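First comes the structure, then the notes that go with it.
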Amino acid sequence: MSNALLRADGVVKTYMMGRSPLRVLRGVSLEVTQGEFVAVMGASGSGKSTLLHIVGGLDLPDRGGVVFDGQSVFDLPRRTRERLRNTDVGFIFQFYHLLPELNVRENILLPHMVGTSVPRWLAQDCVNALKRSFARVVGTPMLDWAIRKCSKALNRKLGGMVGRMLDTLVPTWSMAQSEARQQTEDIIDKVGLSARARHRPAELSGGERQRAAIARAIVTRPRLLLADEPTGNLDRAMGREILAVLAKLNQQGQTIVMVTHDPQVASLAHRVVQLVDGKIRRSAS
Amino acid sequence: MYKLFLSLRYLRKRLIALFAVGSVTLCVFMVLVVISVMGGFLEMVKERSRGLLSDIVVDNATLQGFPHYQEFIDALQARMPDVVVTATPVIYNYAILRVQATKYTKPVRVVGIRLDKYEQVNDFANSLWYDRFYPGTTSLGLQLQPVAGWDEHDNRVLPEPFESAHQKWRQTASAEELAEYDRMPYSPPPGARVFAQTVAPPGYVGGDEFEAEDLYGVIIGCDVINERTKTGDYLRHYALGSEMLLTLLPMTREGTVSGEGSTTLSLRYADDSRTRVFEIDDLCVYVDFDMLQSVLAMNPQERIDGGFAPARASQVLIRLAEGLDAKEVRARIEEFWETFRASLDVDPLSLETQLLDFVSVETWEERQVQFISAVEKEKVLVTILFAIVSVVAVVLIGCIFYMVVEKKTRDIGIVKSLGASSSGVAAIFILYGAAVGVVGSIIGSVAGVFFVRNINEIQDALARLNPNLQVWSPDVYTFDRIPNSVDPVEAVVIVVVAIVASMLGALIPALLAARVWPVDALRYE
Numbered sequence: 600m601s602n603a604l605l606r607a608d609g610v611v612k613t614y615m616m617g618r619s620p621l622r623v624l625r626g627v628s629l630e631v632t633q634g635e636f637v638a639v640m641g642a643s644g645s646g647k648s649t650l651l652h653i654v655g656g657l658d659l660p661d662r663g664g665v666v667f668d669g670q671s672v673f674d675l676p677r678r679t680r681e682r683l684r685n686t687d688v689g690f691i692f693q694f695y696h697l698l699p700e701l702n703v704r705e706n707i708l709l710p711h712m713v714g715t716s717v718p719r720w721l722a723q724d725c726v727n728a729l730k731r732s733f734a735r736v737v738g739t740p741m742l743d744w745a746i747r748k749c750s751k752a753l754n755r756k757l758g759g760m761v762g763r764m765l766d767t768l769v770p771t772w773s774m775a776q777s778e779a780r781q782q783t784e785d786i787i788d789k790v791g792l793s794a795r796a797r798h799r800p801a802e803l804s805g806g807e808r809q810r811a812a813i814a815r816a817i818v819t820r821p822r823l824l825l826a827d828e829p830t831g832n833l834d835r836a837m838g839r840e841i842l843a844v845l846a847k848l849n850q851q852g853q854t855i856v857m858v859t860h861d862p863q864v865a866s867l868a869h870r871v872v873q874l875v876d877g878k879i880r881r882s883a884s
Numbered sequence: 004m005y006k007l008f009l010s011l012r013y014l015r016k017r018l019i020a021l022f023a024v025g026s027v028t029l030c031v032f033m034v035l036v037v038i039s040v041m042g043g044f045l046e047m048v049k050e051r052s053r054g055l056l057s058d059i060v061v062d063n064a065t066l067q068g069f070p071h072y073q074e075f076i077d078a079l080q081a082r083m084p085d086v087v088v089t090a091t092p093v094i095y096n097y098a099i100l101r102v103q104a105t106k107y108t109k110p111v112r113v114v115g116i117r118l119d120k121y122e123q124v125n126d127f128a129n130s131l132w133y134d135r136f137y138p139g140t141t142s143l144g145l146q147l148q149p150v151a152g153w154d155e156h157d158n159r160v161l162p163e164p165f166e167s168a169h170q171k172w173r174q175t176a177s178a179e180e181l182a183e184y185d186r187m188p189y190s191p192p193p194g195a196r197v198f199a200q201t202v203a204p205p206g207y208v209g210g211d212e213f214e215a216e217d218l219y220g221v222i223i224g225c226d227v228i229n230e231r232t233k234t235g236d237y238l239r240h241y242a243l244g245s246e247m248l249l250t251l252l253p254m255t256r257e258g259t260v261s262g263e264g265s266t267t268l269s270l271r272y273a274d275d276s277r278t279r280v281f282e283i284d285d286l287c288v289y290v291d292f293d294m295l296q297s298v299l300a301m302n303p304q305e306r307i308d309g310g311f312a313p314a315r316a317s318q319v320l321i322r323l324a325e326g327l328d329a330k331e332v333r334a335r336i337e338e339f340w341e342t343f344r345a346s347l348d349v350d351p352l353s354l355e356t357q358l359l360d361f362v363s364v365e366t367w368e369e370r371q372v373q374f375i376s377a378v379e380k381e382k383v384l385v386t387i388l389f390a391i392v393s394v395v396a397v398v399l400i401g402c403i404f405y406m407v408v409e410k411k412t413r414d415i416g417i418v419k420s421l422g423a424s425s426s427g428v429a430a431i432f433i434l435y436g437a438a439v440g441v442v443g444s445i446i447g448s449v450a451g452v453f454f455v456r457n458i459n460e461i462q463d464a465l466a467r468l469n470p471n472l473q474v475w476s477p478d479v480y481t482f483d484r485i486p487n488s489v490d491p492v493e494a495v496v497i498v499v500v501a502i503v504a505s506m507l508g509a510l511i512p513a514l515l516a517a518r519v520w521p522v523d524a525l526r527y528e
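Protein chains in written order, with the working numbering: chain A, 600 to 884; chain B, 4 to 528.
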């Protein structure tokens with residue numbers, strides 16, 4: 600296929616289990632086109648997650664390569680690879696992997712923070728300050744909206760303890776009116792977590808945690824979404840809920856590679872790839 | 004952005020960080036208190052040493068003193084008029100002080116001074132108690148005892164010149180000084196300022212009375228005869244002008260006790276001096292130079308061969324013009340002394356020659372070098388000791404951060420999967436260390452400054468609870484109060500070092516965190 604977004608070529612990966620080598624991937628090749636929803640199936644230990652980590656740049660193959668949007672991922676400089684992970688690839692993990700000290704909003708905002716430097720946040724702040732000033736001068740309804748928003752944010756931010764101010768004022772307040780913040784709010788709304796935005800992961804159900812993890816994965820609008828058993832830790836109802844979110848994202852053009860061992864989950868995908876003993880046995884649409 | 008955000012969040016959310024903050028706080032507090040007290044002690048030593056001596060001291064370190072001092076002063080002032088502001092001779096000797104009224108006795112060091120000149124070469128004027136409230140009344144010359152009387156409104160009135168000097172002082176004194184004066188207990192003794200009084204009926208108009216006999220004045224070290232209260236004030240048991248007896252042993256030029264034996268002087272208590280150096284305030288009394296010189300037979304004496312032995316003094320104190328380098332001027336004065344010494348027509352085998360040979364020229368700092376350098380070394384030593392103790396805090400922070408990194412391994416994987424770099428992950432923990440350092444050093448320095456500023460009050464409070472907790476005794480520590488000033492530069496250096504040390508403590512765990520491979524971290528349970 601000429602319009603492949605992702606291509607894995609003969610990926611080999613071996614782990615050392617004590618002194619004996621364990622070959623997990625034995626020359627896996629895979630192509631994913633833009634907008635495709637691919638499910639990678641296989642038994643436990645067949646190398647599904649390892650393949651996902653390698654195509655996402657989290658792990659290195661022993662042999663073979665991964666090409667993302669025409670660029671050989673492992674030939675890229677380290678910084679570029681990290682940027683690619685930040686902006687072009689989103690990960691969803693089976694165990695959510697949310698930071699327990701951050702609330703839902705902060706967890707979802709984290710990729711933006713990772714990808715943005717302090718000067719850029721400050722620059723965004725300045726732009727927003729100018730916008731507010733402009734609104735004041737022209738007296739548009741935007742003025743009321745901005746003041747309401749600011750006062751709400753101030754009350755929320757300054758109402759707590761000094762310690763709360765310390766760690767929220769600097770980063771969170773500075774981005775209060777930024778585009779990233781707005782984008783985050785939109786996504787929180789989209790995954791139905793508006794009411795839970797100030798809650799910490801420990802206060803959420805499994806489904807809510809996974810929705811938060813999905814929101815975090817898509818907040819930077821990545822071109823590729825990698826999901827590792829996204830429903831593996833959820834009951835059937837919650838699993839369906841998550842799959843519905845993924846299906847909707849795919850309908851909106853999101854490319855998704857999902858690892859699962861559940862055929863019912865895999866049936867949602869356009870194409871199912873069977874991984875058996877580190878090799879692709881079958882690829883069916 | 005995320006580095007600052009996560010490090011601050013970990014600081015607040017991880018309870019273990021409080022232990023690291025606590026150890027930094029304690030170290031900063033400890034080092035700040037030690038450096039401030041030792042530094043303050045050193046500064047007080049230097050300040051008082053300079054204030055009690057003069058810029059340059061010419062001395063021969065013997066009780067006999069050295070001759071031709073006045074010729075030297077005159078020649079020096081003529082040769083270096085732009086350098087030497089003033090110079091004055093001083094005599095040192097030892098005596099027994101006896102309070103005539105109570106028969107209280109005490110060994111003292113007698114300092115013979117020309118008061119007006121002595122006040123010009125050092126800060127002695129600022130140490131005088133009565134002269135502060137009755138400016139210009141303190142004198143070492145012949146004087147009577149001032150006796151307070153009463154005016155027609157039954158107000159206490161002092162004899163002239165005390166009354167008018169005091170009224171003049173009141174016009175220039177600040178409200179605080181006036182309040183302090185009015186608060187102090189007056190006669191009858193003991194009080195903070197004590198005058199003899201007439202026993203007179205109400206309505207008696209006095210205040211112009213003096214006791215009959217003229218006696219030379221003596222300024223007495225504050226701790227020699229007065230009682231120090233727990234609040235640091237003094238109770239004066241003897242009225243100004245009380246008679247004091249001073250028994251001296253005049254010495255010959257050869258350094259033997261004069262054949263005439265001891266001499267007892269009757270003197271009037273003219274003032275007391277509080278230099279705040281306990282060793283001086285508890286030992287020294289000050290009398291008129293010329294009178295003491297005469298009593299000690301250090302004035303020109305007729306020799307058996309018909310000639311005259313020149314007058315002698317123990318020391319010459321020299322005040323230099325402002326802004327001069329005392330060490331550089333000392334070399335010039337030393338050179339001048341050698342020239343002057345060579346120009347004297349003295350028999351090389353005579354005793355005068357020997358006394359002149361002992362003369363040395365020193366700056367006030369060189370004069371006190373043993374004491375000052377001892378205190379300086381003590382300060383460095385104590386600082387090093389406490390810095391070594393502080394290394395424990397760095398190790399503790401290292402351990403705490405190692406535990407934090409262990410616990411946060413999965414978080415490291417998550418952050419890396421979101422695109423964070425290894426250096427970014429290391430920065431999270433280094434910033435975390437810096438945050439611990441900033442918070443700990445701010446708390447420690449605020450507590451340290453508060454403690455140092457109130458160290459005397461804290462000690463007094465402890466001593467009230469249990470007298471054994473009086474750790475700073477004026478008998479032991481030269482100064483009667485614990486130094487309580489904080490050098491802002493030293494405080495800033497301590498804070499910066501604490502922050503850097505905290506970052507260093509976090510460095511190794513941070514580097515370990517940076518090396519974590521994201522996939523391994525995500526698998527970590």
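In this text, a Cβ means the ideal position worked out from N, Cα and C, and glycines have one as well.
None of these values were measured; they are calculated from a predicted model.
Inset, instruction - Please classify A:A775: is it buried, with 16 or more other beta-carbons within 10 angstroms of its beta-carbon, or exposed? - result: Looking up residue 775 of chain A in the first sequence gives position 176. Reliability of the predicted coordinates at A:A775 is poor, the pLDDT of 44 falling under 50, and the value obtained from them is presented with this limitation in mind. With 16 or more Cβ atoms within 10 Å of its Cβ, A:A775 is classed as buried.
Legend entry - Near-chain B residues of the region 830–851 of chain A - C-beta to any C-beta below 7 Å: none
Inset, instruction - Decide if B:N229 is buried, meaning its Cβ has at least 16 other Cβ atoms within 10 Å, or exposed. - result: Translated into positions along the second sequence, residue 229 of chain B becomes position 226. That one is buried.
Legend entry - Under 8 Å between C-beta atoms of B:V197 and B:R239: Sequence index remark: in the second sequence, residue 197 of chain B carries index 194 (1-based). Sequence index remark: in the second sequence, residue 239 of chain B carries index 236 (1-based). Their beta carbons are under 8 Å apart, which means B:V197 touches B:R239 by this criterion.
Legend entry - Delimiting residues of the alpha helix (DSSP H) encompassing B:Y107: By one-based count along the second sequence, residue 107 of chain B stands at place 104. From DSSP, B:Y107 is part of no alpha helix (DSSP H); its letter is neither H nor E.
Legend entry - Cβ-based contacts, 7 Å cut-off: residues of the region 656–682 of chain A near chain B: L657, D658, R678, E681 and R682
Inset, instruction - Step through the CB atoms of chain B and report whether any lies within less than 8 Å of the CB of A:L605. - result: As a first step, residue 605 of chain A is located in the first sequence; it is residue number 6 there, counting from the start. Output row for A:L605: interface = no.
Legend entry - contact_flag[the region 88–107 of chain B, the region 351–371 of chain B] where n(CB pairs < 8 Å) is 3 or more: no
Legend entry - Candidates A:A816, A:L624 and A:A642, of which the one nearest A:R704 by Cα: Along the first sequence, read from residue 1 onward, the residue named residue 704 of chain A stands at position 105. Checked all of A:A816, A:L624 and A:A642; the closest Cα to A:R704 is A:A816.
Legend entry - Sequence-distant residues of the same chain with beta carbon closer than 8 Å to B:Y5, five excluded per side: Counting from one through the second sequence, the residue named residue 5 of chain B turns up at place 2. Cβ neighbours of B:Y5 beyond the five flanking positions: V418, A423, G427 and I431.
Legend entry - Cβ-based neighbour list, B:Q371, same chain, cut-off 6 Å, excluding 5 preceding and 5 following: Counted from its first residue, the second sequence places residue 371 of chain B at position 368. Within the same chain, B:Q371 has close Cβ partners S52.
Inset, instruction - Kindly confirm or deny that the region 10–20 of chain B and the region 456–465 of chain B touch, where touching means at least three C-beta pairs closer than 8 Å. - result: no
Legend entry - Where the alpha helix (DSSP H) containing B:V495 begins and where it ends: As a working mapping, residue 495 of chain B is identified with position 492 in the second sequence. Its alpha helix (DSSP H) spans residues P491 to A517.
Inset, instruction - Would you check if the distance between the CB atom of A:S648 and the CB atom of A:V858 is smaller than 8 Å? - result: Walking along the first sequence from the start, residue 648 of chain A turns up at place 49. Walking along the first sequence from the start, residue 858 of chain A turns up at place 259. A contact, by the Cβ cut-off of 8 Å.
Legend entry - DSSP beta-bridge partners of A:P620: As a first step, residue 620 of chain A must be located in the first sequence, where it is residue number 21. A:P620 is bridged to A:M615.
Legend entry - Cα-Cα separation between A:V761 and A:E802, rounded to whole angstroms: The residue you call residue 761 of chain A lines up with position 162 of the first sequence. The residue you call residue 802 of chain A lines up with position 203 of the first sequence. Model confidence at A:V761 stands at a pLDDT of 45, short of 50, so the residue's coordinates are unreliable; what they give is reported in the following sentence. About 23 Å.
Legend entry - C-alpha distance - B:N457 paired with B:V36, whole-angstrom precision: Numbered from its first residue, the second sequence carries residue 457 of chain B at position 454. Numbered from its first residue, the second sequence carries residue 36 of chain B at position 33. The alpha-carbon atoms of B:N457 and B:V36 are separated by roughly 11 Å.
Legend entry - Status (buried if at least 16 other CB within 10 Å, exposed otherwise) for A:N849: Numbered from its first residue, the first sequence carries residue 849 of chain A at position 250. Classification of A:N849: buried, given that the 10 Å Cβ count is 16 or more.
Legend entry - Closest Cα partner of B:M278 within the set B:V288, B:Y272 and B:S269: Mapped onto the second sequence, residue 278 of chain B falls at position 275. Checking the sequence shown, residue 278 of chain B turns out to be Thr, not Met. The shortest Cα separation from B:T278 among B:V288, B:Y272 and B:S269 belongs to B:V288.
Inset, instruction - Excluding the 5 residues preceding and the 5 following A:D687 in the sequence, name in chain order all residues of the same chain whose CB lies nearer than 6 Å to its CB. - result: The count along the first sequence starts at 1 and reaches residue 687 of chain A at position 88. Only P821 and R822 meet the Cβ criterion.
Legend entry - A:G877 to A:V611 span [Cα, whole Å]: Within the first sequence, numbered from 1, the residue matching residue 877 of chain A stands at position 278. Within the first sequence, numbered from 1, the residue matching residue 611 of chain A stands at position 12. Cα to Cα, A:G877 sits roughly 8 Å from A:V611.
Legend entry - Own chain, CB closer than 6 Å to A:I841, minus 5 neighbours either side, in chain order: Within the first sequence, numbered from 1, the residue matching residue 841 of chain A stands at position 242. Correct list, in chain order: Q809, P829 and T830.
Legend entry - Any alpha helix (DSSP H) of 4 or more consecutive residues that is wholly inside the region 208–274 of chain B: 225–228
Inset, instruction - May I have the straight-line CA-CA distance separating A:A843 from B:P512, to the nearest angstrom? - result: Taking the first residue of the first sequence as 1, we reach residue 843 of chain A at position 244. Taking the first residue of the second sequence as 1, we reach residue 512 of chain B at position 509. The alpha-carbon atoms of A:A843 and B:P512 are separated by roughly 42 Å.
Legend entry - CB contact check: A:V637 to chain B, cutoff 8 Å: Numbered from 1 along the first sequence, position 38 holds the residue referred to as residue 637 of chain A. It does not; no Cβ of chain B falls within 8 Å.
Legend entry - Residue-chain proximity (A:D608, chain B), Cβ-Cβ < 8 Å: The residue you call residue 608 of chain A lines up with position 9 of the first sequence. So, not an interface residue.
Inset, instruction - Examine the Cβ distances between the region 484–495 of chain B and the region 618–638 of chain A and report whether three or more of them are shorter than 8 Å. - result: no
Inset, instruction - Say whether chain B places a C-beta atom closer than 8 Å to the C-beta of A:R625. - result: Mapped onto the first sequence, residue 625 of chain A falls at position 26. So no, A:R625 is outside the interface.
Legend entry - Extent of the continuous beta strand (DSSP E) to which A:Q873 belongs: As a working note, residue 873 of chain A is residue 274 in the first sequence. Here the beta strand (DSSP E) through A:Q873 covers R870 to V875.
Inset, instruction - Answer with buried or exposed for A:P862, where buried requires no fewer than 16 other C-beta atoms within 10 angstroms of its C-beta. - result: As a working note, residue 862 of chain A is residue 263 in the first sequence. Exposed is the call here.
Legend entry - Which of helix, strand or coil DSSP assigns to B:A199: Position 196 of the second sequence, counting from 1, holds the residue named residue 199 of chain B. Here B:A199 sits in strand by DSSP.
Legend entry - B:A78 and B:L249 closer than 8 Å at C-beta: As a working note, residue 78 of chain B is residue 75 in the second sequence. As a working note, residue 249 of chain B is residue 246 in the second sequence. It is not a contact, given that the beta carbons lie outside the stated cut-off.
Legend entry - Beta-ladder partner(s) of A:M640, from DSSP: Here residue 640 of chain A corresponds to residue number 41 of the first sequence, with the count starting at 1. A:M640 pairs with A:T859 and A:Q873.
Legend entry - B:F22 - DSSP class collapsed to helix/strand/coil: In the second sequence, residue 22 of chain B corresponds to position 19, counting from 1. It is helical.
Legend entry - C-alpha distance - B:T28 paired with B:R186, whole-angstrom precision: Taking the first residue of the second sequence as position 1, residue 28 of chain B is located at position 25. Taking the first residue of the second sequence as position 1, residue 186 of chain B is located at position 183. Taking the straight line from one Cα to the other gives about 41 Å.
Legend entry - Under 8 Å between C-beta atoms of A:V627 and A:I879: As a working note, residue 627 of chain A is residue 28 in the first sequence. As a working note, residue 879 of chain A is residue 280 in the first sequence. Yes, the Cβ-Cβ distance between A:V627 and A:I879 is below 8 Å.
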